[in-house]
Amino acid sequence: MASSLDTLCGQAFGARQYHLLGIYKQRAILVLTLVSVVVAVLWAYTGQILLLFGQDPEIAMGAGSYIRWMIPSLFAYGLLQCYVRFLQTQNIVLPVMVSAGVTALSHVLVCWLLVYRLGLGNKGAALANGISYLANVSILAIYIRVSPSCRSTWTGLSKEAFHGILSFVKLALPSALMIW
């Protein structure tokens, strides 16, 4: 659903309506968070759903447990996609690349720590994803906040983000289905 930012932010940037990029990003974050809540509820019951479809009980419970531990990464990934697309539509790609590289390298350490050192096994692997996504979001958020490159596109939180949600969803749903 964040791919709708490619269209909206690209148009706003091309039209030199820079302040709209930040508003669109906030709107996307709001919508993706709400969608993530719905998906998280579905994920919370994945084990039971798999059982209803006749999956082997051991596999269903294992998959259900793993996906529940992945729920934090769902929210962090939605945020990350909004930040990445916000920057990419401005042709700001180096910070995205550096942030992704740093978090990918640190992900190995986080995985090892959670999976082996703390003995969490596959639960630790699921948590490591969320931690890495959140670290990536944090790096990009700091960049957006302090970089002169984003001064005109990120002007802070705005009530305008709550307006036009339906039109955003109308663009986001087809783009999400197209990627799916």
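If you count the sequence shown from 1, position 179 lands on 185 in this note's numbering, and the numbers rise without skipping.
Just so you know, even glycine gets a beta-carbon here, dropped at the ideal spot from N, CA and C.
Predicted model, so just to flag it, every value in this text is computed and none were measured.
Reference residue i, options the options, closest by Cα
i, options, result
"residue 29", "80, 89, 41", "89"
"residue 141", "124, 163, 130, 112", "112"
"residue 75", "164, 171, 131", "131"
"residue 156", "170, 110, 120, 98", "98"
"residue 79", "38, 107, 21, 57", "38"
"residue 102", "114, 115, 87, 116", "87"
"residue 137", "92, 106, 96", "106"
"residue 69", "77, 60, 81, 56", "56"
"residue 52", "115, 182, 66", "66"
"residue 162", "147, 174, 100", "147"
"residue 104", "143, 123, 84, 19", "143"
"residue 82", "158, 42, 71", "42"
"residue 120", "135, 108, 110", "135"
"residue 172", "36, 145, 124, 25", "36"
"residue 91", "10, 184, 166, 181", "10"
"residue 145", "167, 33, 85, 16", "85"
"residue 126", "149, 72, 18, 58", "72"
Residue i: first and last residue of the uninterrupted alpha helix (DSSP H) it sits in
i, result
"residue 135", "128-152"
"residue 64", "63-75"
"residue 117", "100-118"
"residue 47", "25-50"
"residue 60", "Taken as a continuous stretch (DSSP letters only), residue 60 belongs to no alpha helix (DSSP H), as it is neither H nor E."
"residue 156", "Careful: residue 156 lies outside any alpha helix (DSSP H) and carries neither H nor E."
"residue 11", "10-20"
Residue burial classification, residue i (beta-carbon count within 10 angstroms, cutoff 16)
i, result
"residue 96", "buried"
"residue 31", "buried"
"residue 21", "exposed"
"residue 60", "exposed"
"residue 118", "exposed"
"residue 115", "exposed"
"residue 151", "exposed"
"residue 8", "buried"
"residue 168", "exposed"
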